[in-house]
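For the sequence shown, the working numbering gives the first residue as 1222, with consecutive numbering after it.
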Amino acid sequence: MSLEFQAEIAPLFEPFALRSLSLANRVVMAPMTRGFSPSGVPGKDVAGYYARRADCGLIITEGVGVDHPAALGGSGVDGDNAPHMYGRGALEGWRAVVDTVHAAGGKIMPQLWHQGVMREMGTGPHPEVETLRPSGVWGPLDRTAMVTPEYLSNVAAKPGRAMTDEEVVDVIEGFARSARYAMDVGFDGIAIHGAHGYMVDDFLWDGTNSRTDRWGGDHIGRAAFAVELVKAIRREIGLEPVINFRFSQWKQQDVRARLAETPDQLGEILGPIADAGVDIFDGSQRYFDKAEFEGSSLNLAGWAKKLTGKAAQTVGGVGLSSGVYDSKRTGGSDAARENIANVAQRLARSEFDLVGVGRAIMHDPAWVGRVQRGEELLPFAEASRFVLT
């Protein structure tokens, strides 16, 4: 490794501290759904999978279903093998995961998840319950980019109804209970999945939220669900644990969707959520180096930090030479090394504070060490998505 490259990537290996969270470096293992938890219960294989990646500054787990009957459902990894954060078996499993990661020197948070409109009716741990949608709609159908025709026929095209106020509150309370359970089993903080067309995002996005009551209206009104959810979690876990909130412009329903067309609009959304108790905003992009608004090179995470004053985490193709939905079979190339240097330079400029790495770390548990030592990176293999290496 050249001295120049070593100096360029040095910011990735600086410590980070916030509230009760103290990290050895700025690399975060990004959440990636795996589906290796039969009946929602993670086992020793899941514990080993995460522990082998304990040299990341922080691990954020795959999406974990909250304590609500309509939180999970679907075929494949989104079905019965997705983990959840309630019930004796699952909580004992998560305690073993946390203990194993801690014994390996790592820090770990669960990503609390409710699939919202993306849940397939008649599937999951509670197939008898109705899939919930803020306004009874799944989102625009004319620019679908990330779902199959079969999924469309099972989910999007079926009519729904708007959630009642009582149902909205029930979901919020389910998140809060699961956050409390997570802290009880020893997690180092809480991450909230508020992106990609799932329940929290369903309220934020006008494509799935056309309500005119307290949970809808303008940007500020559509953020009310997230605000109350964060407040409820903060009440349950106290002031010291860190809350990480993932958000995105793009949706699985529509890759070109946008929550905000301007920085001012984004501020209207994120400001109240920040005030509610979020500590870190995880701005999910397909490419971390894509400018979010004209006239500035800041990416989504950079704008979140500038607008809210909170810490921010970037993600999107770090360590690979393509975006997640463009080509999943690349990585380990010179272009990938260049984008690692790029993200480290932006980190050094304090555009954001943490760097999420997904597929590269999923494929290679030794990725952090390889980068730090300047070793050749392993080419990404699609098969790694289907095994716990």
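Where is the CB? At the ideal position from N, CA and C, for every residue including glycine.
Residue burial classification, residue i (beta-carbon count within 10 angstroms, cutoff 16)
| i | result |
| --- | --- |
| Glu1603 | exposed |
| Asp1301 | buried |
| Glu1449 | buried |
| Asp1405 | exposed |
| Gly1295 | buried |
| Ile1582 | buried |
| Thr1254 | buried |
| Glu1225 | exposed |
| Ala1251 | buried |
| Lys1328 | buried |
| Ser1258 | buried |
| Pro1370 | exposed |
| Arg1455 | buried |
| Ala1453 | buried |
| Pro1331 | buried |
| Gly1428 | buried |
| Gly1590 | exposed |
Any non-hydrogen atom of the ligand MG within 6 angstroms of residue i CB
| i | result |
| --- | --- |
| Ala1291 | Ligands are entirely absent from the displayed structure, and the ligand MG is therefore not among its contents. |
Helix, strand or coil at residue i according to DSSP, with G and I counted as helix
| i | result |
| --- | --- |
| His1584 | helix |
| Met1420 | helix |
| Lys1452 | helix |
| Thr1483 | coil |
| Gln1336 | coil |
| Asn1563 | helix |
| Met1342 | coil |
| Arg1606 | helix |
| Asp1503 | strand |
| Leu1353 | coil |
| Gly1442 | helix |
| Pro1259 | helix |
| His1323 | helix |
| Ala1383 | strand |
| Thr1529 | helix |
Contact set for residue i: own chain, Cβ-Cβ below 6 angstroms, skip 5 residues either direction
| i | result |
| --- | --- |
| Glu1229 | Ala1562, Ala1565 |
| Ala1317 | Ala1268 |
| Ser1431 | Ser1356 |
| Ser1548 | Only weak support is given to the placement of Ser1548: the predicted model assigns it a pLDDT of 46, under 50, and the value that follows is read from those uncertain coordinates. Correct list: empty, nothing qualifies. |
| Gly1407 | Val1319 |
| Ala1569 | Pro1232 |
| Gly1488 | Leu1528 |
| His1440 | Gln1486, Glu1489, Ile1490 |
| Arg1550 | With a pLDDT of only 48 at Arg1550, under 50, the local geometry of the prediction cannot be trusted, and the value read off the model is given with reservation. Counting only Cβ-Cβ distances below 6 angstroms, and skipping sequence neighbours, we find Glu1603. |
| Pro1290 | His1347, Val1350 |
Distance, residue j Cα to residue i Cα
| i | j | result |
| --- | --- | --- |
| Arg1594 | Ile1413 | 33 angstroms |
| Thr1505 | Gly1537 | Per the sequence presented here, residue 1505 reads as Ser, with Thr not at that position. About 7 angstroms. |
| Gly1264 | Trp1315 | 8 angstroms |
| Ser1469 | Leu1333 | 16 angstroms |
| Gly1540 | Val1578 | 7 angstroms |
| His1417 | Asn1465 | 16 angstroms |
| Leu1598 | Gln1227 | 15 angstroms |
| Ala1245 | Trp1426 | 36 angstroms |
| Glu1513 | Leu1519 | 6 angstroms |
| Lys1472 | Val1392 | 21 angstroms |
| Arg1309 | Asp1266 | 19 angstroms |
| Arg1558 | Trp1588 | 12 angstroms |
| Val1285 | Tyr1307 | 10 angstroms |
| Leu1491 | Leu1480 | 11 angstroms |
| Pro1339 | Leu1575 | Looking at the sequence itself, residue 1339 is Met, so the reference to Pro does not match. Cα to Cα, Met1339 sits roughly 28 angstroms from Leu1575. |
| Met1367 | Leu1373 | 10 angstroms |
Residues of its chain near residue i, where Cβ-Cβ distance is below 8 angstroms and the 5 sequence neighbours each way are ignored
| i | result |
| --- | --- |
| Lys1531 | Ala1495, Val1499, Asp1500, Ile1501, Phe1502, Ala1525 |
| Glu1207 | With the chain covering only 1222 through 1610, there is no way to say anything about residue 1207. |
Short CB-CB distance (under 7 angstroms) between residue i and chain C
| i | result |
| --- | --- |
| Trp1334 | Any reference to chain C falls outside this structure, which holds one protein chain only. |
Sequence-distant residues of the same chain with beta carbon closer than 7 angstroms to residue i, five excluded per side
| i | result |
| --- | --- |
| Asn1375 | Glu1341 |
| Pro1586 | Arg1273, Arg1274, Thr1610 |
| Ala1447 | Gly1415, Val1421, Phe1424, Leu1425, Ile1494 |
| Gly1484 | Reading off the sequence, residue 1484 comes out as Pro, not Gly. Once the five neighbours on either side are set aside, the close Cβ partners of Pro1484 are Phe1514, Trp1524, Leu1528. |
| Glu1461 | Arg1240, Ser1241 |
| Arg1382 | Gly1357 |
When the options are compared against residue i, the one with the closest alpha-carbon
| i | options | result |
| --- | --- | --- |
| Gln1534 | Arg1255, Glu1225, Gly1360, Gly1278 | Gly1278 |
| His1347 | Thr1321, Glu1489, Ile1393, Gly1261 | Gly1261 |
| Met1384 | Ser1399, Thr1529, Ile1411, Gly1337 | Gly1337 |
| Thr1433 | Leu1491, Phe1509, Gly1442 | Gly1442 |
| Gly1436 | Glu1387, Pro1252, Pro1290 | Looking at the sequence itself, residue 1436 is Trp, so the reference to Gly does not match. Minimum Cα distance to Trp1436 is reached at Glu1387. |
| Val1249 | Gly1286, Gly1343, Thr1483, Ile1280 | Ile1280 |
| Val1322 | Asp1276, Gln1473, Thr1429 | Asp1276 |
| Phe1607 | Arg1401, Ile1393, Arg1580 | Arg1580 |
| Arg1507 | Ala1238, Gly1459, Arg1477 | Arg1477 |
| Thr1344 | Leu1293, Ala1445, Asp1288, Ala1378 | Leu1293 |
| Ser1399 | Leu1312, Phe1573, Thr1352 | Leu1312 |
| Arg1467 | Gly1395, Pro1232, His1335 | His1335 |
| Ile1411 | Val1463, Pro1370, Gly1438, Lys1379 | Val1463 |
| Lys1511 | Arg1567, Gln1474, Glu1457 | Arg1567 |
| Pro1361 | Gln1474, Asn1560, Tyr1419, Gly1438 | Gln1474 |
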